[in-house]
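Residue numbers (this note's numbering): 2 to 516.
Even glycine gets a Cβ: it sits at the ideal position worked out from N, Cα and C.
Values in this document were obtained by computation on a predicted structure and should not be read as measured data.
Below you'll find the structure, written out as structure tokens, and then a few comments.
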């Protein structure tokens, strides 16, 4: 645990320092504004999701602080909207949305088409914010289906206090239950919320901030056991403040860097560079897992020499069409079930989407295959499961907030007519030990979803092993030994999977008691 916490701290410090280097000299007024924001978050104590939900349901206005370049920051709004225990707003206020853009939004929502969607996307100019259109697209569609309207709060004013004044006046006129997604600095209680308080003294106001640096670093040792942590600050001027920790700090600052490392001509493309991100992930993992007792036969320079194909790469299908049938089937099967495919001997990596997590997964899987010298073919269920488990485990070393889809979710999906067959097949993975002696019959039964079952099983085993790793029950040397052990056949892969389950057995949650 100590080594992992140090890794996270090191990543955070280096990326934040690099991010700050892009900031130009800021005026005194901004520094004062920033200090007021930081002072607002000094006294957090631990709280619960239930307490936050109760508070949301009791107020008129909820401000959600937005770190614009971090996609997960905007997704918190979506998570709260989809939470059945949370009382929904009548209106959503968005800083990225102006009055002039509302006709584009309404036209697209009433009659969706690629042409109208492009017009809306172009008008929003989210590249300037470093934000992702797909997240807002989900938000727009969900709100429209649930009859929730939008309030445009965008202004061209540069003065931060003036932005607060204009937005506060607009919000005060709505007289509706409203949630507002606005820049985190503006959401300090002495800023925009205070403006609203002066204009509408009767309003019950709540502020939700996200991923505060100081609070996160203070709770770093306990963060991995909790996908999300909820904190609460003392009430100030009758305004409540909560903070939700849901994303590693280094990802927060990396998202900022990705925006500022773009050149103007790059802005029409995805901000994330897959090769750079995978290279960074590989270097970080190799450095963290370096152990002279387990030397690698592969030089670091050779490992870092790879080819990566993303979802927009037109050479992808042309490239794999030249592969033997078995390799081509393997690649397509991996992409379909995991979103990532790796052919280590060719040094080819394939991603179905470009995200920090998919790049970390690709790096972890590739590194495990290279270090262990393990080769996977489609008939190897236990090897496929082990490869997924180790790739997912190493991605969690970088982003602990990743979680496998729990068995409980698959049980719920088994009641859905459209998902029943897949879910029931995947649920069989829980009994891989009990079914060992009837493996061929069992795998034949779930054949259409064998790869999906391997992914679900591998990731759930990885979750348990990672918790054991953080608790010191799964040593780093033992992990490295597994990573660098060549798996010759299915029997050896099965033994390692049993070992991983045994390691994590004491960390089974209520959701996993049926293992």
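Rounded C-alpha distance that separates residue i from residue j
{"i": "residue 51", "j": "residue 74", "result": "20 Å"}
{"i": "residue 113", "j": "residue 93", "result": "20 Å"}
{"i": "residue 413", "j": "residue 457", "result": "15 Å"}
{"i": "residue 479", "j": "residue 394", "result": "14 Å"}
{"i": "residue 486", "j": "residue 476", "result": "16 Å"}
{"i": "residue 454", "j": "residue 245", "result": "32 Å"}
{"i": "residue 270", "j": "residue 418", "result": "Below a pLDDT of 50, predicted positions are generally treated as unreliable, and residue 270, at 37, falls in that range; no measurement from the model is reported."}
{"i": "residue 321", "j": "residue 302", "result": "25 Å"}
{"i": "residue 469", "j": "residue 442", "result": "33 Å"}
{"i": "residue 288", "j": "residue 448", "result": "39 Å"}
{"i": "residue 14", "j": "residue 324", "result": "43 Å"}
{"i": "residue 100", "j": "residue 60", "result": "26 Å"}
{"i": "residue 219", "j": "residue 34", "result": "24 Å"}
{"i": "residue 249", "j": "residue 401", "result": "7 Å"}
{"i": "residue 390", "j": "residue 108", "result": "45 Å"}
{"i": "residue 30", "j": "residue 190", "result": "17 Å"}
{"i": "residue 370", "j": "residue 128", "result": "37 Å"}
{"i": "residue 194", "j": "residue 130", "result": "22 Å"}
{"i": "residue 80", "j": "residue 28", "result": "36 Å"}
{"i": "residue 313", "j": "residue 438", "result": "43 Å"}
For residue i: DSSP bridge partner residues
{"i": "residue 308", "result": "349"}
{"i": "residue 244", "result": "210, 232"}
{"i": "residue 182", "result": "65, 95"}
{"i": "residue 47", "result": "232"}
{"i": "residue 344", "result": "349"}
{"i": "residue 152", "result": "94"}
{"i": "residue 237", "result": "240"}
Cβ neighbours of residue i in the same chain (closer than 6 Å, five flanking residues each side left out)
{"i": "residue 20", "result": "254, 257, 258"}
{"i": "residue 164", "result": "156, 158"}
{"i": "residue 520", "result": "In the structure displayed, the chain extends from 2 to 516; residue 520 sits before or after that span and is not available."}
{"i": "residue 251", "result": "12, 13, 16"}
Buried or exposed (CB count within 10 angstroms, at least 16 for buried), residue i
{"i": "residue 170", "result": "exposed"}
{"i": "residue 541", "result": "Residue 541 lies beyond the range of the chain shown here (2 to 516); nothing can be said about it."}
{"i": "residue 69", "result": "buried"}
{"i": "residue 32", "result": "exposed"}
{"i": "residue 111", "result": "exposed"}
{"i": "residue 338", "result": "buried"}
{"i": "residue 530", "result": "Missing from the structure shown is residue 530; the chain here goes from 2 to 516 and no further."}
{"i": "residue 377", "result": "buried"}
{"i": "residue 318", "result": "exposed"}
{"i": "residue 375", "result": "buried"}
{"i": "residue 49", "result": "exposed"}
{"i": "residue 125", "result": "buried"}
Any C-beta of chain C under 8 Å from that of residue i
{"i": "residue 274", "result": "Of the protein chains in this structure there is only one, and it is not chain C."}
Residue i and residue j closer than 8 Å at C-beta
{"i": "residue 276", "j": "residue 309", "result": "yes"}
{"i": "residue 197", "j": "residue 234", "result": "no"}
{"i": "residue 187", "j": "residue 211", "result": "no"}
{"i": "residue 204", "j": "residue 153", "result": "no"}
{"i": "residue 65", "j": "residue 161", "result": "no"}
{"i": "residue 91", "j": "residue 206", "result": "no"}
{"i": "residue 387", "j": "residue 497", "result": "yes"}
{"i": "residue 149", "j": "residue 89", "result": "yes"}
{"i": "residue 232", "j": "residue 216", "result": "yes"}
{"i": "residue 373", "j": "residue 484", "result": "yes"}
{"i": "residue 83", "j": "residue 136", "result": "no"}
Closer than 7 Å: residue i CB and nearest the ligand ZN heavy atom
{"i": "residue 358", "result": "The ligand ZN is not among the ligands present in this structure, which contains no ligands whatsoever."}
Same chain, Cβ closer than 8 Å to residue i, five either side skipped, listed in chain order
{"i": "residue 305", "result": "280, 283, 284"}
{"i": "residue 77", "result": "65, 209, 211, 245, 247"}
{"i": "residue 415", "result": "421, 424, 425, 428"}
{"i": "residue 286", "result": "364, 365, 368, 395, 398, 399"}
{"i": "residue 340", "result": "352, 353, 354, 359, 362"}
Close Cβ partners of residue i (< 7 Å) along its chain, the five nearest in sequence each way excluded
{"i": "residue 6", "result": "221, 222"}
{"i": "residue 383", "result": "491, 494, 495, 498"}
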